[in-house]
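In what follows, a structure is listed as structure tokens, so that the remarks can point back to it.
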Amino acid sequence: MNTKRWVALGIAGALLVLSLVIAFIPGKETEESTQPALTGINKIFYGSNELVEETLEDGAANKKIVKLTVEGTIMDTGESSLFSHETYNHQNFLAQLKKIQEDNTVKGVFLEVDSPGGGVYESAEIAKELAKIKELKIPIYTSFKNTAASGGYYISANSNKIFATEETTTGSIGVIISGLNISGLLEKMGVTDATYKSGALKDMMSPNRKPTEEDKEVVQDFIMSAYDRFVGIVAEGRKMDVEAVKKLADGRIYDGSQAVANGLVDEIGYPEDALEALKKEQKLTDAKVVVYENDTTGFASSWLGVKVAEWQGLKATTTERVLSVFETFGSSEAPKPMYYYGGF
-13 MNTKRWVALG IAGALLVLSL VIAFIPGKET EESTQPALTG INKIFYGSNE LVEETLEDGA
47 ANKKIVKLTV EGTIMDTGES SLFSHETYNH QNFLAQLKKI QEDNTVKGVF LEVDSPGGGV
107 YESAEIAKEL AKIKELKIPI YTSFKNTAAS GGYYISANSN KIFATEETTT GSIGVIISGL
167 NISGLLEKMG VTDATYKSGA LKDMMSPNRK PTEEDKEVVQ DFIMSAYDRF VGIVAEGRKM
227 DVEAVKKLAD GRIYDGSQAV ANGLVDEIGY PEDALEALKK EQKLTDAKVV VYENDTTGFA
287 SSWLGVKVAE WQGLKATTTE RVLSVFETFG SSEAPKPMYY YGGF
């Protein structure tokens, strides 16, 4: 038997042993958390999935600045951060915010935002947790990168100070519900909608029938309620009059310079400028700058590790993830309100 066959047999034997071991690995026992802390043999294979500190800049251990990043669309896909390859992981980010609240050595938060926004609910969750951090007298300095629009601006509005570059796209303050109406096409095809409902508005925004005036009024009132909450967040965070915010909040976008001129941003600058200002203005020049990472192993990111995790229920399958995105963003049949810039 030649060398290649021995190698093939060795690999097959190793995979057989691994498959037997994996067969005895317990799956996820609870659906209560999308960020499970793993134990036992799962911890050996994947890592603990717990948040651990990584030092970006050395400094005093009792004076920490935590760097946070929101990059990508703000939505909750239900994906565990242990196996997620998404740029933004909602449950992981919320866990980071809670970790800050429990650490009395954290003296500042440096938030980088590069997001077109996303879900109304998810944006409100982030804003709520950031408000708790500010209540602890921890200053938050935010740096807008390429885009910080709609929900990306919503979560940032209550920062102590906001920086943006001249090239940043921001603003888009408002709410959108997007859907398709194919009733005209169905009519041309001779297809009739056969929906039975308990009330006239039960199938509002159905793509299969033309919206009535009552439909439009109810949906518009619904949107304006979310819009008023958005305006209130901006007015409070930026210390502006509500009516002044409304003049800016017609959904239009601004570049960094325009945002500064309109009071939506404090200064023109890049992330390093925002961090330097946080250190200098909050007397944190000797602070240690840290970032939170998840404790993982190489197996967790390997093809085999991902497949095993899916089998165990620790990682969502592709189908489950696609369905989760549809549930978060809504569809033409069930559209949802969004703090989002860029269309659907």
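Each residue of the sequence shown is one higher than the one before, starting from -13 at the first, in this note's numbering. Positions of the beta carbon are idealized from the N, C-alpha and C atoms, including for glycine.
- As summarised for the stretch 57 to 137, the continuous alpha helix (DSSP H) elements at least 4 residues long and confined to that stretch are 76 to 87, 106 to 121, given in chain order.
- Boundaries cannot be given for residue 191, as no beta strand (DSSP E) includes it and DSSP labels it neither H nor E.
- Looking at the backbone, the Cα of residue 92 and that of residue 49 are separated by about 6 Å.
- Selection 237, 253, 150 evaluated against residue 158 yields 237 as nearest (Cα-Cα).
- For residue 178, the CB contacts under 8 Å within the same chain, skipping 5 residues up- and downstream, are 172 in chain order.
- Short of 6 Å from the beta carbon of residue 261, and not among the five residues preceding or following it, lie these beta carbons of its own chain, in chain order: 96.
- Only residues of its own chain outside the window of five on either side were considered, and among them 141 have a CB closer than 6 Å to the CB of residue 112, listed in chain order.
- In this structure, residue 135 keeps its C-beta atom at 9 Å or more from the C-beta atom of residue 254.
- Counting along the chain, no beta strand (DSSP E) covers residue 168, and no H or E run does either.
- The residue from 328, 52, 106 with its alpha-carbon nearest to that of residue 127 is 52.
- Distances from the alpha-carbon of residue 77 to those of 146, 280, 322 put 280 closest.
- Under the three-state reduction of DSSP output, residue 162 falls in the strand class.
- Only residues of its own chain outside the window of five on either side were considered, and among them 143, 231, 249, 250 have a CB closer than 8 Å to the CB of residue 224, listed in chain order.
- The C-beta of residue 103 has 16 or more other C-beta atoms within 10 Å across all chains shown, which makes the residue buried.
- Between residue 137 and residue 108, the CB-CB gap stays under 9 Å.
- When the beta-carbon positions are compared, residue 240 and residue 133 stay at least 9 Å from each other.
- Runs of the alpha helix (DSSP H) lying entirely within the stretch 197 to 233 and spanning at least 4 residues, in chain order: 199 to 224.
- Beta-bridge partners assigned by DSSP to residue 41: 276.
- Counted as a single uninterrupted DSSP element, the beta strand (DSSP E) harbouring residue 147 occupies residues 147 to 150.
- Residue 90 is classed as exposed because its beta carbon has fewer than 16 other beta carbons within 10 Å across all chains shown.
- About 7 Å separates the beta carbons of residue 200 and residue 187, which is inside the 8 Å limit, making them a contact pair.
- Per DSSP, the unbroken beta strand (DSSP E) holding residue 157 starts and ends at 155 to 157.
- In the DSSP assignment, no residue is bridged to residue 141.
- The DSSP-derived three-state label of residue 235 is coil.
- The Cβ neighbour count for residue 182, taken over all protein chains shown within 10 Å, is under 16; the residue is labelled exposed.
- Only residues of its own chain outside the window of five on either side were considered, and among them 152 have a CB closer than 6 Å to the CB of residue 243, listed in chain order.
- Membership of residue 185 in any alpha helix (DSSP H) is not indicated, and neither H nor E is assigned to it by DSSP.
- If you ignore the 5 residues before and after residue 328, its C-beta comes within less than 6 Å of the C-beta of 102, all in its own chain and listed in chain order.
- Here residue 106 really is in contact with residue 325; their C-beta atoms are around 6 Å apart, less than 8 Å.
- Residue 192 counts as buried, since at least 16 other C-beta atoms from the protein chains shown sit within 10 angstroms of its C-beta.
- Here residue 82 is buried, its C-beta having at least 16 other C-beta atoms within 10 Å.
- C-alpha of residue 220 to C-alpha of residue 226: approximately 8 Å in a straight line.
- In the structure shown, residue 46 falls within a strand segment according to DSSP collapsed to helix, strand and coil.
- Secondary structure note for residue 257: its alpha helix (DSSP H) is the uninterrupted segment 257 to 267.
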